[in-house]
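Asks: Residue numbers (the working numbering), protein chains in the order written: chain E, 7 to 425; chain G, 32 to 313; chain V, 247 to 532.
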Amino acid sequence: MIKKIILPILLGSSIASASEVVFYSTQANPLKEADAMRNDVLINFDGDVKFLPQEAGPFFSRIEAESRSNSVSLGVLGALHGQFPQIQGSLDSIDDVLASVPKIKANNTMSELGKLGASEQKYIPWMQATYIMAANKKALPYLPKGADVNALTYDELATWAANIKEATGKAKLGFPAGEKGLMHRFLQGYLYPSFTNSVVTDFRGDDAKAMWQWFRDLWQDVNPRSTAYNLMQEPLLTEEVWIAFDHTARLKDAFDQRPDDFIAFPAPSAKAGRGFMPVIAGLAIPKGTPDRAASAELIKYLSEPEVQIRTLRATGFYPIADVELPADLPANVRIAGKAIATQAGSPDALPSMLPVGLGDLSGKFSKTYKDTFQQIVLRNANIDKILDRQATVLKTIMVSANAPCWAPDKPSNGVCPVN
Amino acid sequence: MNSKTYPYLLIAPSILFLLAFFIYPFIEVFLQAFTTSDGELGLANFDTIFNDFNFLPSLSNTLILALVVVPTQLCMAVGMSLMISKMKKGRDTVLYIWTIPLGISDLAAGIVWLALLDQNGFLNSFLFSVGIIDGPESWLNYNNPVAIFAAIVFAEIWRATAILLVIIVSGIGLIPKEYYEAAEIFGANAWVRLWKVTLPLLRPSLQTALILRTLLAFEVFAVVMLLGGTNMPVLMGEAFNWAFEYRDAGAAAAYAVVILGLSIVFTLFYLKVLHVPKEAQV
Amino acid sequence: MSQFEQDALLEKEMLAANKRKKAWRWLFISGTAFMVSWIVFPIYLLVVSALSSAEVVNGWPKAFVPEFDMETMAFFMNYYGVLDALKNSLIAAVFTMVISIGLGTPAGYALARFEFRGKNTFRLLILLTRAFPMPLLALPLAVIFINIGLDDTLFGLSLVHAALALPFAVLITSSLFMGIPVELEEAAWVLGCNRWQAFVKVVMPLALPGLTASAVFAFVISWNEVFAAAVLTINNQTLTAFLVQSLSSSPAEVKFAGGLILIVPAILFLFVVRKYLFSMWGIANR
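#1: Could you give the distance in angstroms between the alpha-carbon of VAL82 of chain E and the alpha-carbon of PHE84 of chain G?
#2: So the candidates are E:PRO292, E:SER358, E:VAL247; which of them puts its Cα closest to the Cα of ALA177 of chain E?
#3: Nearest by alpha-carbon distance to ALA356 of chain V: which of G:VAL288, G:SER34, G:PHE275 is it?
#4: For PHE51 of chain E, collect the residues of the same chain with a Cβ closer than 7 Å to its Cβ; drop the 5 residues on either side in sequence, then sort them by chain order.
#5: Beta carbon of PHE463 of chain V, beta carbon of ALA415 of chain V: below 9 Å?
#6: Establish whether the CB of SER160 of chain G and some CB of chain V are separated by less than 9 Å.
#7: Less than 7 Å between C-beta atoms, sequence neighbours within five positions excluded: which residues of the same chain meet that for TRP412 of chain E?
#8: Output the residue ranges of the beta strand (DSSP E) runs that lie fully inside the stretch 281-333 of chain V and measure 3 residues or longer, sorted by chain position.
#9: My output table needs one value for VAL416 of chain V: the three-state DSSP class, helix, strand or coil.
#10: Excluding five sequence neighbours on each side, which residues of the same chain lie with their C-beta closer than 8 Å to the C-beta of SER96 of chain E?
#11: Using three-state DSSP, classify ASN30 of chain E as helix, strand or coil.
#12: Let me know the beta strand (DSSP E) ranges lying completely inside the stretch 50-92 of chain E, each 3 residues or longer, listed in chain order.
#13: Under the assumption that GLY260 of chain G contacts GLY184 of chain E (Cβ atoms under 8 Å), give the Cβ distance between them as a whole number of angstroms.
#14: Looking at the unbroken alpha helix (DSSP H) that takes in GLY281 of chain G, where does it start and where does it end?
#15: If you measure between the beta carbons of TYR286 of chain G and ILE95 of chain G, is that distance less than 9 Å?
#16: Taking the CB atoms as reference points, tell me whether TYR137 of chain E and ALA85 of chain E lie closer together than 9 Å.
#17: Taking all protein chains shown into account, decide if ASN440 of chain V is buried (16 or more other Cβ within 10 angstroms of its Cβ) or exposed.
#18: Report yes if the C-beta distance between TRP189 of chain G and PRO288 of chain V is below 9 Å; otherwise report no.
#19: Going by DSSP, what residues sit across from PHE271 of chain E in a beta bridge?
#20: Given a threshold of 16 other Cβ atoms within 10 Å of its Cβ, counted over all protein chains shown, does ALA331 of chain V qualify as buried or as exposed?
#21: Cβ of ALA358 of chain V within 9 Å of Cβ of ALA474 of chain V?
#22: Quick one: does SER91 of chain G have its CB under 9 Å from some CB of chain V?
#23: How about GLN63 of chain G and GLU187 of chain G: are their beta carbons less than 9 Å apart?
#24: Under 8 Å, CB to CB, which of the residues in the stretch 95-129 of chain E have a partner in chain G?
#25: Taking just the CA atoms, how far does ASN334 of chain V sit from THR4 of chain E?
#26: By Cβ distance, which residues of its chain are closer than 7 Å to LEU457 of chain V, with the 5 residues on each side in sequence left out?
#27: Helix, strand or coil: how does DSSP classify VAL285 of chain E here?
#28: Within its chain, find whatever has a CB closer than 7 Å to the CB of LEU292 of chain V; leave out the 5 residues flanking it on each side and keep chain order.
#29: Should ALA284 of chain G be labelled buried (16 or more other beta-carbon atoms within 10 Å of its own) or exposed?
#30: In chain order, which beta strand (DSSP E) runs of at least 3 residues are fully inside the stretch 275-363 of chain E?
#31: For the alpha helix (DSSP H) that contains ASP78 of chain G, what are its first and last residues?
#32: Please check the pair SER275 of chain E and SER200 of chain E, which I expect to be a contact at CB under 8 Å, by giving their CB distance rounded to whole angstroms.
#33: So, helix, strand or coil for GLY110 of chain G, using DSSP?
#34: Spatial neighbours of VAL78 of chain E within its chain, please: C-beta separation below 6 Å, excluding the five flanking residues on both sides.
#35: Can the beta-carbon of GLN127 of chain E be found closer than 9 Å to that of ASP101 of chain E?
#36: In terms of residue numbering, what span does the alpha helix (DSSP H) encompassing ASP366 of chain E cover?
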């Protein structure tokens, strides 16, 4: 009460009216996307909404602080599937909101994800994306003979990168292995499934050992600056790299700025298939939010097909709702969209699920893969030794989270085993 | 009023202030470092971070960086302050320009230096235009730890020397001219004057400058992250990762305690080495 | 030796001395110029990048003169809430200055002039605030602030920033007071001033530049602090919290323009206070 009366006088600044919904989000954080969210996406919402994008650190701290002090000011939370488990305790159950949003075909799998392994709905799927490959057209002449860029194998990718290095003297293949890069998703959703048909169970199997050896060899032809790359669109635009793997939303500026110079294509395949992984962002409501009805309204609004298309334009994330995409979409959607469809529709497609049921251990789960990568590939450590050690770590995580297996690992009775 | 109570009255407001807004949250995080996941007191968190393969590299990177950067900055700041004191014309302008980096956050400094040193950056563009290289060269990469280290050292020196400069310049300004005049009468040259007059009388300022700068050096993070990437871990970056990526508040708190411990050790060292006895004060 | 020869020798010596002096002078000036350009040049390059279009920023080789493409800068100027955030940043920085100097100066004086039990403990306590990573403290701080109603206020935020600036204020002022001869104060006591009057009339004027120095630190600490600002404010975000959080995931041209926008106000502030900061050169002649 005090702060509402005295502080505006003391500070001469406005305090928001109570009816405003604060939409706190780790997504659409880049300035231009945030701007588009406010001006194009949220503009028609019937009510006041304040869109506040935030980095993960302050985002978690804020939510935790509000939930600890039982005084919540946030209205709607937007975050990735992998981020929600870490604030699971602060999220309200929103089964009622799920019932009110438009039904979607993929409803079951998607909605299951939104339960975070519990029985009640914790978040509503908001938008989706995936990871694909992008290449500068200058790289195409170096494709190995007979290779089809839309049905590439990992070995062909390696030859391709080696060819480029031999011809230009430069390593032009790049991965987002920087501090904020999404390298761990490449390991979990692409490399492991493609080579071993598993993510957790066969973590240190013979296939995995061969895979790491292969990856370490490949790294000779990878741009060594990769450990500082966070969003691959930047090195693609500066042409530091010609071929890159990343999240579609993190490639979009390259496609938008120079649509004629870049192509998008599916991730490569290996002996177990063409592993790929979705990215799902969701919307949730924190427990004790000031105006729950308005928050639910906002989620309903953001789930409308037409708004979802606006969101696609603003962020490069694709609709969850079943909608026909219009023709006049930005270049990145045209270019990436085709690659996404080819990737999902390829005969050897091997979709990986997002980790579920890991709770607040999901950060450590990803750390296990990142650490393994760092030690084996960057620091040349002994593969067997590292895999054994990391497998123990992984086992501990799975046991304390009591998490069952998810695809492509075979369903387990109880905790997902690490062989 | 007894003069013995004066100092306590003078420090009371800051103590109360810190108690309210710092000590309490500090104690909470500090205890968290020594609390196991079952809620008991213990060293499990330290066990976690000591066994992490990034702990030793991050500790040594942080220490080596501080040991290289801070002394260099100190020498530069003293030199620059002496230059300032010898200046007649344009002193204010020069001093102003030299203090500009004060206003630049570490993230902004990292952005500036990345633009300079990056593969497609200004340095390579310059080398290209004078014909030394044929195209963008990537030398700032993890295969080249020395180059990364040098880049970080340059950026840190550029960014944070001004902190020392301002403190030392205010200190030098307070040294009475008479001391120099007396020294000159006794035939002391500039070098002797520096070692026998300026530096001894500057000890309080040097101490302050060194302590503050060293503490900040132990928290170096944004510049390293931008220029070095993941293969150059530092303590602060690891604390950040454990807190917000791996979501292990206990381990993050343990990292914070390590940083705190280092800071206390170094502070006590400076307080001892640069001790200013009461009777030796001006 | 004739008079003439002696004169010639003298002249030669003088010439040599002059030459030496000139050489020194030249070295001095070039050293200064080098240090000035060392500071200015990177900032100049940031300006060049900020005033260039996206194609140029990502292009190769880079040009060393700006093309004055204002598109990115204009985007910032029209960006939702930038002006409010700027105002918030300034208010928080001013509060931080006032609080940290008001608390820090007496403490600095105590450290400089008195020997008392617990002096070193106090000094360490003050330093602890700088030796502990802020991001970890933000969460417990936010809980406290929400409970006492300081949450999402600029005043509350500047309290946190003042805690960060306090060690600077205390240590700088104390090293300053140590440098001001106690005899000056004693003389004032003899002349009938009490301790307070002597402090205000004699010590303060001498210490003013140093106080300005700690004010500068308080300002830039508050201005550049990101994490607490991001966690502790929702509706009253500061410019740094507002921009920095988004910069690292934004494209290069936005990064550079944002970087420039963040440093310009700080540079202007330094420009405004520089007179006070450097006015000490008069007193050194006492």
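Heads up, the beta-carbon is just placed ideally off N, CA and C, and yes, glycines get one too.
It should be emphasised that the depicted structure is a prediction, and the values quoted were computed from it without experimental measurement.
Replies: Let's see:
#1: 38 Å
#2: The option with the nearest alpha carbon to ALA177 of chain E is E:VAL247.
#3: G:SER34
#4: Only LEU304, TYR307 meet the Cβ criterion.
#5: yes
#6: yes
#7: MET359, PRO361, VAL362
#8: none
#9: Secondary structure at VAL416 of chain V: helix, using DSSP grouped into helix, strand and coil.
#10: ILE69, GLU70, GLU72, SER73, PRO292, LYS293
#11: Per the sequence shown, the amino acid found at residue 30 of chain E is Tyr instead of Asn. TYR30 of chain E falls in the strand class under three-state DSSP.
#12: 55-59, 82-86
#13: 5 Å
#14: 280-304
#15: no
#16: no
#17: exposed
#18: Closer than 9 Å, so yes.
#19: E:MET139
#20: buried
#21: no
#22: Answer no: the Cβ-Cβ gap between SER91 of chain G and chain V never drops below 9 Å.
#23: Note that the C-beta distance between GLN63 of chain G and GLU187 of chain G is not below 9 Å.
#24: none
#25: This structure does not reach residue 4 of chain E, given that chain E is present from 7 up to 425, and the question cannot be answered.
#26: ILE347, THR351, THR419
#27: Three-state result, VAL285 of chain E: strand.
#28: So the qualifying residues of the chain are PHE502, GLY505, LEU506.
#29: Its Cβ being crowded by 16 or more others within 10 Å, ALA284 of chain G is buried.
#30: Those beta strand (DSSP E) runs which fall completely within the stretch 275-363 of chain E and span 3+ residues are 280-282, 284-290, 355-357.
#31: 75-81
#32: 6 Å
#33: helix
#34: GLU72, PRO292, GLY294, THR295
#35: Contact flag set, yes.
#36: In the DSSP assignment, ASP366 of chain E falls outside any alpha helix (DSSP H) and carries neither an H nor an E.
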